[in-house]
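Just below is one structure, and these are the notes that go with it.
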Amino acid sequence: MSLEAWTLPWEEAREGLLVHRDKRVVYLNPAAAELLAVDREKVRGLPLILALRDHRLEALALEGGEAVLEVRGRLLSVRACPGFLYLLDVTEARRRGLEAEEASALLAHEFRTPLAGMAVLLQALAPKDPKEAQVLDLLKKEVARLTRLVESLAHLRPGHREAFALEDLWLRLSALMQDRLRGRRVEVSLGHRVEADPEALFQVLLNLLDNALKYGQDPIRLLSRVQGGRLYLEVRDRGAPLPDYEGLFQPGRRGGEGSGQGLGLYLVRRLAQGLGGGAYALREGEENAFGVWLPVD
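In UniProt numbering, the protein residues as written are 1 to 297.
Set out below in structure tokens:
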């Protein structure tokens, strides 16, 4: 296949592509020319550094790897493999992430006072029978959980770590979400133990399950597995394939415009990172999988 035929799809691509051989520019698409602020016709055939005008970019192009760099006043996600340099402008995505971070800190601040008041009121209530006592105990635990979560979001630090069974999280979830789970087909296989902040991980699983119940199709599966020194916790659903799985962790995604703030998956990633891990979404077979991973000893 000729170079012209091979590069044709890249002429309309949003991601920048620069092709180089022997440290000289062979091709760059319009997006790359815009991001690098060069005339692509003039730099074609010239030494690579004259097109990139940045020694960090040149080193990455020649050595390979990935990085996020500020170039020409933009924040670029850069990925390099032999002969190819891919450039993507993530300035706006980073801005939205920072705004969401500020919003979550503001919400945490606003929630502190009412949560403290609720805790005091719940302590003052006297249940009349065992059923009321059970409900009151559940409410106290939820207020305590939300208080710890608010503090975690406000200060960007993980909470208390302890060892516990993942099945314990499901017992709490099923009690909390029993009305929403009624009539839905949910399969649970959480057979592992983990040492982590239980409240943060509970919120992760709550958000993932809420995401599946809102947008997915049954059966919904909650799974855990250990692989390669990591523990994976996933919620899977049979919804339709999605066009951009990575973008779902940006605020306001999956549900579409007008479906709410869309902070659920963003907070999942934020909490997972606070626990020393990460979050992901992918299509596997006929399922959408949304999950987090945590390091294990």
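C-beta: ideal position from N, C-alpha, C; glycine also.
Model, not experiment: these values are computed from the prediction.
- Apart from the 5 residues on each side of it in sequence, E286 sits with its Cβ closer than 8 Å to the Cβ of R238 in its chain, given in chain order.
- Here DSSP, grouped into helix, strand and coil, assigns G247 to helix.
- For Q227, the uninterrupted beta strand (DSSP E) run begins and ends at I220 to Q227, by DSSP.
- Two segments are said to touch when three or more pairs of C-beta atoms, one from each, lie closer than 8 Å; by this definition the stretch 207-219 touches the stretch 182-193.
- Each residue's CA atom was taken as its position, placing P47 and D39 some 14 Å apart.
- Between R221 and R236, the gap from beta carbon to beta carbon is short of 7 Å.
- Ranked by Cα distance from L121, the first of L169, V143 and Q250 is V143.
- Taking one beta carbon from each stretch, the stretch 166-173 and the stretch 198-205 have 3 or more pairs nearer than 8 Å; the two touch.
- In the DSSP assignment, L87 falls within the unbroken beta strand (DSSP E) covering F84 to D89.
- With contacts defined as CB atoms closer than 7 Å, L271 and A200 qualify as a contacting pair.
- Where G264 is concerned, the enclosing alpha helix (DSSP H) starts and stops at G264 to G274.
- Rounded to the nearest angstrom, the Cβ distance from A31 to G16 is 4 Å, consistent with a contact under 8 Å.
- Partner residues in the beta bridge of E187, as assigned by DSSP, are R221.
- DSSP assignment within the stretch 48-81 yields the following whole beta strand (DSSP E) runs of 3 residues or more, N-terminal first: 65-71 and 74-81.
- Non-local beta-carbon contacts of L294 in its own chain, meaning distances under 7 Å to residues more than five positions away in sequence, involve V194, A196, R230, L231, L275, G276 and G277 in chain order.
- Beta-bridge partners of D237 (DSSP): N288.
- In the structure shown, the three-state DSSP call for A13 is coil.
- Between the alpha carbons of Y266 and Y215 lies a gap of roughly 16 Å.
- A distance below 6 Å between beta-carbons, with the five flanking residues on each side excluded, links S77 to the following residues of its chain, in chain order: V68, L88 and V90.
- In summary, H160 is exposed, with fewer than 16 beta-carbon neighbours lying within 10 Å of its beta-carbon over all protein chains present.
- Here the C-alpha atom of A240 lies approximately 14 Å from the C-alpha atom of F290.
- Burial state of G117 is exposed, judged by a 10 Å Cβ sphere holding fewer than 16 other Cβ atoms.
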